[in-house]
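The next block holds one structure in the form of structure tokens; read it before the comments.
Residue numbers (the UniProt record's numbering): 1 to 70.
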């Protein structure tokens, strides 16, 4: 999944205070997707929290790494 896909996924979501992103069935994500979803987009929309859920081990690793949590 790419940065542009993260932008499309989150388009219009800034009207909510929390957005739960369910990763059921997603085997992997790219570093750019995680960066856009969990770092860039939240900085531009500080009133909206992104909450990733149901991550498999590979996706969880990428998310932790993207957030600087090894």
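Note that beta-carbon positions come from the ideal geometry of N, C-alpha and C, so glycine has one too. It should be emphasised that the depicted structure is a prediction, and the values quoted were computed from it without experimental measurement.
Cβ pair residue i, residue j closer than 8 angstroms
i, j, result
"residue 42", "residue 21", "no"
"residue 67", "residue 37", "no"
"residue 23", "residue 2", "no"
"residue 17", "residue 47", "yes"
"residue 29", "residue 50", "no"
Closest residue to residue i among the options (Cα-Cα distance)
i, options, result
"residue 15", "55, 44, 56", "44"
"residue 27", "65, 63, 55, 40", "55"
Burial state of residue i, where buried means 16 or more other Cβ atoms lie within 10 Å
i, result
"residue 6", "buried"
Alpha carbon of residue i to alpha carbon of residue j, nearest angstrom
i, j, result
"residue 59", "residue 8", "19 angstroms"
"residue 62", "residue 35", "10 angstroms"
"residue 40", "residue 12", "15 angstroms"
"residue 65", "residue 31", "9 angstroms"
"residue 57", "residue 25", "12 angstroms"
Coil, strand or helix - residue i by DSSP
i, result
"residue 46", "coil"
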